[in-house]
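Enquirer: Structure incoming, see below.
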């Protein structure tokens, strides 16, 4: 097994243990103070197990599969971000897809999809990344679709994070700094 994967799994397990201890402590405290039992620990274990399974599956999918299907993945992300508006708002925000006790926040998947999409875009268009249209405007417009959908949820912090992801990916992918500076002034 590659050392990067081992380090990733070790970090994952450390965070898992810290989270599990915190959730278990929360369950005990809630029961002692309020006399009500909760299932934060159990939900945490289920969520971590599901995320670990997804990580192991995604890790074993060859990268060329992602390259081949990244456009469909991007469209799937748009669909997920749009579906949140079908579900009722929680505290005034349409950020979650709720199916019984299971909730899903599509913007978290959208961040990963955006990183993957832009990375593959930069790889495929490496020779044109210094041009305005192919290296800056088009990929930024593609990113702004996700940013806009997340912004209207409303979720400003995640929208700004996605914008930062796009800018940083494009800059390190070879887009000229002057394009970013001009867009800030405009």
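Residue numbers (my numbering): 0 to 185. For each residue, glycine too, the CB sits at the ideal point set by N, CA and C.
Taking the alpha carbon of residue 97 as the reference point, which residue from 106, 86, 91 has its own alpha carbon closest?
Expert: Within the chain shown, residue 97 is the residue found at index 98, counting from 1. Considering only alpha carbons, the answer is 86.
Enquirer: How is the alpha helix (DSSP H) around residue 168 delimited, first residue to last?
Expert: In the chain shown, the residue the question calls residue 168 occupies position 169. Run containing residue 168: 155-172, per the alpha helix (DSSP H) assignment.
Enquirer: For the alpha helix (DSSP H) holding residue 7, just list the boundary residues, first then last.
Expert: Along the chain shown, one-based indexing puts residue 7 at 8. Element bounds for residue 7: 2-33.
Enquirer: Let's see if you can read the secondary structure: which residues bound the alpha helix (DSSP H) around residue 70?
Expert: Counting from 1 along the chain shown, the entry for residue 70 is found at position 71. Element bounds for residue 70: 62-82.
Enquirer: At 3 residues or longer, what runs of the beta strand (DSSP E) sit wholly inside the region 90-163?
Expert: 96-98, 101-103
Enquirer: Can the beta-carbon of residue 187 be found closer than 8 angstroms to that of residue 154?
Expert: Beyond the ends of the chain as shown, which are 0 and 185, falls residue 187; an answer cannot be given.
Enquirer: If you run the structure through DSSP and keep just helix, strand and coil, what is residue 88?
Expert: The count along the chain shown starts at 1 and reaches residue 88 at position 89. Correct three-state label for residue 88: coil.
Enquirer: Alpha carbon to alpha carbon, how far is residue 119 from residue 63? Give it in angstroms, no decimals.
Expert: To locate residue 63, count along the chain shown from 1; it is residue 64. To locate residue 119, count along the chain shown from 1; it is residue 120. For residue 63 and residue 119, the distance between alpha carbons rounds to 10 angstroms.
Enquirer: Among 66, 162, 171, 21, which one has its Cα closest to the Cα of residue 123?
Expert: By one-based count along the chain shown, residue 123 stands at place 124. Selected option, being the one with the closest Cα: 66.
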